[in-house]
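In terms of my numbering, the sequence shown opens at residue 81 and continues consecutively.
Worksheet: the structure to be examined is printed underneath.
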Amino acid sequence: MKKLHHVIAAIDFTPSCLVALKEAVHRASLDSAAITAVHVMDEFLVHELKSALSTDQATIRAEWQERLKKFVTDAEVGACVNVEVRIGNPFAELVEACRSCSADLLVMGAKGSKNEPHRIGVIAAKCVRKAPVDVLVVREDAQGPFKKVVACVDFSENSAKAVQCALHIAQQDGGTLDCLHVFQSALAMSLDYGGFAPSLPASYDPESVAGWRRDLAAFLEPLTSQAGDVQITQHVKELVNIREAILDHVQELQATLVVLGTNGKTGLREMLIGTTAEKIVQHAPCSILAVKPDGFVIAPD
């Protein structure tokens, strides 16, 4: 993984974004990268404030800029953080902030609800799918350092990039790295029914599993040759539902970070053959790093 050059922390003044800010500062400091905290104000709110306070947009922006500065100062992150307040659509403005800063990582908090604490907010989910940079979604109760990192492998070029990113973080945080490949036999695929099948064992085929293990070892060898002291474990599992298999492994390991390589230029549509990465992002009980392929462009709605 290349060293980070500029990290964007999305700020909405919630407890979850405070955790994200601290993690963003941590990641930036490890690579001596610049960091900018960005808050996006809704245009309707700005309009209402202008009417209620009899003021103009520039004054409102300046006031919120000061609030953002105070938020960062009160966070006591111990680093020089640039601050920027934007007005407009949150997703569009965060993407533009990443472009204008030539950022290579966007860090966001996971803002779940009381009934669904593991789900992430709408804007974070959209950024995971469509933002043209890698996106780290940090859970309030599962923040770094990331001591147990899981990298999902489907043998694609982008999953190779994900493994390198996962190894880089494990090295920085003194963690371990699990490299997981889940495959479906022909029978398992026929039982998947579009992803609604439970995580049941497929018909175990020792020869197939042995072959996948050899393939995984060969795939990982050049990617992990500079692993240093990082303990790397390779896992091959044959299960009906790949999504559930990944989530089961994450829960069993009590992982603190899952790294996913997103395939293609249309965002997180399909990942790891027959699975939808949004479910992993939404339901994993830990932080998530979505790694974008080289040349990624924003997917159309």
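Beta carbons: idealized from backbone N, C-alpha and C, even for Gly.
This one's a predicted model, so the numbers in the text were calculated from it and none came from an experiment.
Option nearest Lys182 by Cα separation, candidates Trp144, Leu84, Val243, Glu164: Start at 1 with the first residue of the sequence shown, and residue 182 comes out as number 102. For the record, residue 182 in the displayed sequence is Ser; it is not Lys. Comparing Cα-Cα distances from Ser182 to each of Trp144, Leu84, Val243, Glu164, the minimum goes to Leu84.
Pick from Lys241, Val310, Thr94 that is closest to Ala370, judged by C-alpha positions: The sequence position of residue 370 within the sequence shown is 290, counting from 1. By alpha-carbon distance to Ala370, the top candidate from Lys241, Val310, Thr94 is Lys241.
Residue closest to Ala190, alpha-carbon to alpha-carbon, out of Glu332, Pro302, Asp92: Taking the first residue of the sequence shown as position 1, residue 190 is located at position 110. Comparing Cα-Cα distances from Ala190 to each of Glu332, Pro302, Asp92, the minimum goes to Asp92.
With 16 other Cβ atoms within 10 Å as the buried cut-off, status of Ala297: Locating residue 297 in the sequence shown gives position 217, counting from the first residue. Per the 10 Å Cβ criterion, exposed.
Buried or exposed (CB count within 10 angstroms, at least 16 for buried), Arg179: For the purposes of this step, residue 179 is taken as residue 99 along the sequence shown, with counting starting at 1. Answer is exposed; the Cβ neighbour count stays below 16.
Short Cβ contact (8 Å threshold) for Ala113 with Leu101: In the sequence shown, counting from the first residue as 1, residue 113 sits at position 33. In the sequence shown, counting from the first residue as 1, residue 101 sits at position 21. It is not a contact, given that the beta carbons lie outside the stated cut-off.
Straight-line Cα distance separating Asp328 from Glu318: Taking the first residue of the sequence shown as position 1, residue 318 is located at position 238. Taking the first residue of the sequence shown as position 1, residue 328 is located at position 248. If I take the Cα positions, the gap works out to 13 Å.
Opening and closing residue of the beta strand (DSSP E) in which Val213 lies: By one-based count along the sequence shown, residue 213 stands at place 133. Unbroken run through Val213: none, as it is neither H nor E.
Element boundaries [alpha helix (DSSP H), containing His85]: The residue given as residue 85 occupies position 5 in the sequence shown. Careful: His85 lies outside any alpha helix (DSSP H) and carries neither H nor E.
Residue closest to Ala155, alpha-carbon to alpha-carbon, out of Cys207, Thr94, Leu257: Position 75 of the sequence shown holds residue 155. The shortest C-alpha separation from Ala155 is found at Thr94.
Best match in Asp122, Val243, Arg293, Glu324 for proximity to Ser305 [C-alpha to C-alpha]: Indexing the sequence shown from 1 puts residue 305 at position 225. If we check each option's Cα against that of Ser305, Val243 comes out closest.
Lys82 classed as buried or exposed, judged by whether at least 16 other C-beta atoms fall within 10 angstroms: Here residue 82 refers to the residue found at position 2 of the sequence shown. Burial call: exposed.
Check whether Leu148 and His106 have beta carbons under 8 Å apart: Your numbering for residue 148 matches position 68 in the sequence shown. Your numbering for residue 106 matches position 26 in the sequence shown. Cβ distance not < 8 Å, so Leu148 and His106 don't count as in contact.
Under the three-state DSSP convention, the category Lys372 falls into: Position 292 of the sequence shown, counted from the first residue, corresponds to residue 372. Reduced to three states, the DSSP call for Lys372 is coil.
Pair within 8 Å by beta-carbon distance, Val262 and Ala335: The residue you call residue 262 lines up with position 182 of the sequence shown. The residue you call residue 335 lines up with position 255 of the sequence shown. Taking the C-beta atoms as reference points, Ala335 is found no nearer than 8 Å to Val262.
Within 8 Å, strictly: CB atoms of Asp258 and Leu333: Reading the sequence shown from its first residue, position 178 is the one you call residue 258. Reading the sequence shown from its first residue, position 253 is the one you call residue 333. Asp258 places its beta carbon less than 8 Å from that of Leu333.
Option in His315, Asp253, Gln314, Leu340 with minimal Cα separation from Asp111: If you number the sequence shown from 1, residue 111 lands on position 31. It is Asp253 whose Cα lies nearest to the Cα of Asp111.
Burial state of Asp214 (16 or more Cβ within 10 Å): Working through the sequence shown from its first residue, we reach residue 214 at position 134. The residue is buried, with at least 16 neighbouring Cβ atoms inside 10 Å.
Proximity to Phe151 [Cα-Cα], best of Ala138, Val165, Ala108: On the sequence shown, residue 151 is found 71 positions in, with the first residue counted as 1. It is Val165 whose Cα lies nearest to the Cα of Phe151.
Contacting residues, own chain, Cβ-Cβ under 8 Å from Thr256 (five flanking each side not counted): The sequence position of residue 256 within the sequence shown is 176, counting from 1. Excluding residues within five positions, the ones whose Cβ falls inside 8 Å are Lys227, Lys228, Val229, Ala250, Val310, Gln311, Ile312, Thr313.
Per DSSP, cross-strand counterpart(s) of Val259: As a first step, residue 259 must be located in the sequence shown, where it is residue number 179. Note that residue 259 is Cys in the sequence shown here, rather than Val. Answer is Ala231, Gln314.
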